[in-house]
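Notes for the one structure printed next.
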Amino acid sequence: MAPFRQILSFAGLALMLAASARAEMPLEDVGAVPHLDARGKAAYLDYLKADGHKAFFVAPGGHWSWRAEMGSVEAAEDAALRDCQENTEQRCVPYAVNDRVVFNAKAWPRLWGPYLSRAQAEQAPVGLGRGMRFPDLAFKDPQGKPTTLKDLRGKVVVLHFWGSWCPPCLKEMPELRKTALRLRDERDIVFTCLQVREDFATAKGFVKQKLKLDLALSDSQVKGPGKSELPLSDGSTLPDRQLAKVFPTTYVLDKHGIVLFSHNGPIPDWTEYIAFLRDAAARSGR
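Mind the numbering: the sequence shown is residues 501 to 786 in this note's numbering, read in order.
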């Protein structure tokens with residue numbers, strides 16, 4: 501079996517876990533395709549107009565790819581999967597094949613798995629990629645208590661880097677708050693929002709006074725403008741651009757501190773990730 505057919509078979513197996521609950525969605529409903537931005541939605545409309553054997557693949561976080569006018573369904577699936585997988589660490593799965601929606605909505609939020617065991621997580625290298633152990637940042641929690649990411653083991657952590665000087669960050673903040681509020685009673689999920697390149701008082705004051713938002717913010721311990729070093733638990737520091745190429749940037753860590761997901765830039769609809777976060781809370785950390 502060709503390598504990409506093997507990947508496709510694995511993705512297909514994940515989708516078939518809930519085959520009996522497959523959502524019936526109209527092929528033409530571009531709004532039903534998950535996590536697509538405006539460019540992705542335009543691409544899906546082009547896919548609908550295309551001829552021949554074709555396939556449209558998607559991945560958590562908004563990556564997508566499609567191929568058409570191929571000699572067979574298998575060729576279309578292979579090509580679309582290959583293109584999609586080259587641009588993301590997330591697992592790409594088929595949304596539509598030819599003129600039929602094959603997407604399984606129930607299996608979709610499980611794609612951050614399979615989750616590492618405790619033993620596997622202990623052997624994982626430190627880094628920012630999927631399956632790696634995120635550097636152990638030191639910061640102050642919303643109550644002002646010194647803490648580290650390691651102290652949050654046992655919880656799924658939404659780690660968000662932002663600044664009040666950053667327009668995309670501010671535009672995203674209401675959506676982030678909406679999702680945090682919906683999950684506020686779920687003790688296994690915590691939002692850790694760390695300001696960059698400004699002091700905590702400035703960042704917190706802006707959110708409360710200008711945005712009028714009640715959102716629990718953590719203190720990265722950055723002391724002011726121009727300061728770009730984030731403290732680690734061992735007393736060393738890390739340049740913020742090493743963690744975030746752009747702001748905002750978000751990581752999701754499982755209960756062992758392993759990176760499940762990362763996103764550069766604002767996320768348009770945070771509520772689309774609620775099911776993913778709940779799945780990670782239920783199934784990671786074993």
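Glycine residues also receive a C-beta, built at the ideal position from the N, C-alpha and C atoms.
Everything numeric in this text was worked out from a predicted model, so none of it was measured.
Chain-order list of residues whose beta-carbon lies under 7 Å from that of residue i (same chain, five-residue window excluded)
| i | result |
| --- | --- |
| GLY540 | GLY562 and TRP564 |
| ARG653 | LYS755, HIS756 and GLY757 |
| PRO768 | ASP537 |
| ALA624 | LEU616, GLY631, MET632, ARG633 and ILE758 |
| THR737 | GLU729, LEU730 and PRO731 |
| ALA579 | ARG567 and MET570 |
| GLY629 | GLU589 and VAL759 |
| GLY552 | ALA568, GLU569 and MET570 |
| ALA543 | TRP564 and TRP566 |
| GLY705 | none |
| LEU711 | LEU670 and MET673 |
Residue range of the beta strand (DSSP E) that includes residue i
| i | result |
| --- | --- |
| ARG567 | 564-570 |
| TYR595 | 593-597 |
| PRO731 | 729-731 |
| THR692 | 689-695 |
| ALA638 | 638-640 |
| PRO748 | First-last for PRO748: undefined, no H or E at that position. |
| LYS549 | Here LYS549 belongs to no beta strand (DSSP E); instead the alpha helix (DSSP H) covers 538-549. |
| LYS554 | 553-558 |
| ASP761 | Residue identity differs from the one stated: residue 761 is Phe in this sequence, not Asp. Counting along the chain, the beta strand (DSSP E) containing PHE761 begins and ends at 759-764. |
| THR737 | 737-739 |
| THR443 | There is no way to answer for residue 443, as the model of the chain reaches only from 501 to 786. |
| LEU717 | Run containing LEU717: none; DSSP gives neither H nor E here. |
| VAL658 | 656-662 |
Same chain, Cβ closer than 8 Å to residue i, neighbours up to 5 away in sequence not counted
| i | result |
| --- | --- |
| LEU545 | VAL530 |
| ASP599 | LEU527 |
| ASN764 | ALA744, LYS745, VAL746 and THR749 |
| ALA511 | At ALA511 the pLDDT is 46, less than 50, meaning the model places this residue with poor confidence; the figure from the coordinates comes in the next sentence. Excluding sequence neighbours, ALA511 sits near LEU581, ARG591, CYS592, VAL593 and PRO594. |
| ARG786 | TYR615, SER617 and ARG618 |
| GLY644 | ASP719 |
| ILE774 | THR679, ARG682 and LEU683 |
| LYS650 | ASP636, SER733 and GLY757 |
Beta-carbon proximity check, residue i vs residue j, cutoff 8 Å
| i | j | result |
| --- | --- | --- |
| TYR547 | ALA576 | no |
| ARG778 | TYR615 | no |
| ARG618 | VAL626 | no |
| VAL772 | PRO534 | Going by the sequence as given, residue 772 is Glu instead of Val. Cβ atoms of GLU772 and PRO534: closer than 8 Å. |
| SER718 | PRO646 | no |
| PHE691 | PRO560 | no |
| VAL573 | VAL597 | yes |
| MET673 | VAL601 | no |
| PHE661 | LEU713 | no |
Presumed contact (8 Å Cβ cut-off) between residue i and residue j, rounded CB distance
| i | j | result |
| --- | --- | --- |
| ALA701 | SER664 | Contact doesn't hold; Cβ gap of about 11 Å is too wide. |
| ASP740 | VAL707 | Actually they do not touch by this definition, with Cβ atoms about 19 Å apart. |
| TRP770 | GLU675 | 4 Å |
| PHE566 | LYS554 | One detail in the question is off: residue 566 reads as Trp in this sequence, not Phe. About 7 Å separates the two Cβ atoms, so the contact holds. |
| LEU452 | ARG687 | Limits of the chain in this structure are 501 at one end and 786 at the other, which puts residue 452 out of reach. |
Any C-beta of chain B under 8 Å from that of residue i
| i | result |
| --- | --- |
| LEU681 | Here chain B cannot be found, since the structure has a single protein chain. |
Neighbourhood of residue i by C-beta distance below 6 Å, restricted to the same chain and skipping five residues each side
| i | result |
| --- | --- |
| ALA523 | Residue placement at ALA523 cannot be trusted, given a pLDDT of 49 that sits under 50; the coordinates are not used to answer. |
| ILE689 | VAL656, LEU683, LEU777 and ALA781 |
| GLN585 | CYS592 |
| SER733 | ASP636, ALA638 and THR648 |
| ASP583 | SER565 |
| PHE603 | TYR595 |
| ALA532 | MET525 |
Terminal residues of the alpha helix (DSSP H) in which residue i lies
| i | result |
| --- | --- |
| THR702 | 700-709 |
| LEU581 | 573-585 |
| PHE776 | 774-783 |
| LEU670 | 667-682 |
| ARG618 | 618-623 |
The region 734-753 contacting the region 647-657, beta-carbon criterion three pairs below 8 Å: Yes: at least three Cβ pairs fall under 8 Å.
Contact the region 610-619 vs the region 737-744: 3+ CB pairs below 8 Å: no
contact_flag[the region 661-681, the region 634-647] where n(CB pairs < 8 Å) is 3 or more: no
At least three beta-carbon pairs within less than 8 Å, the region 581-597 to the region 724-737: no
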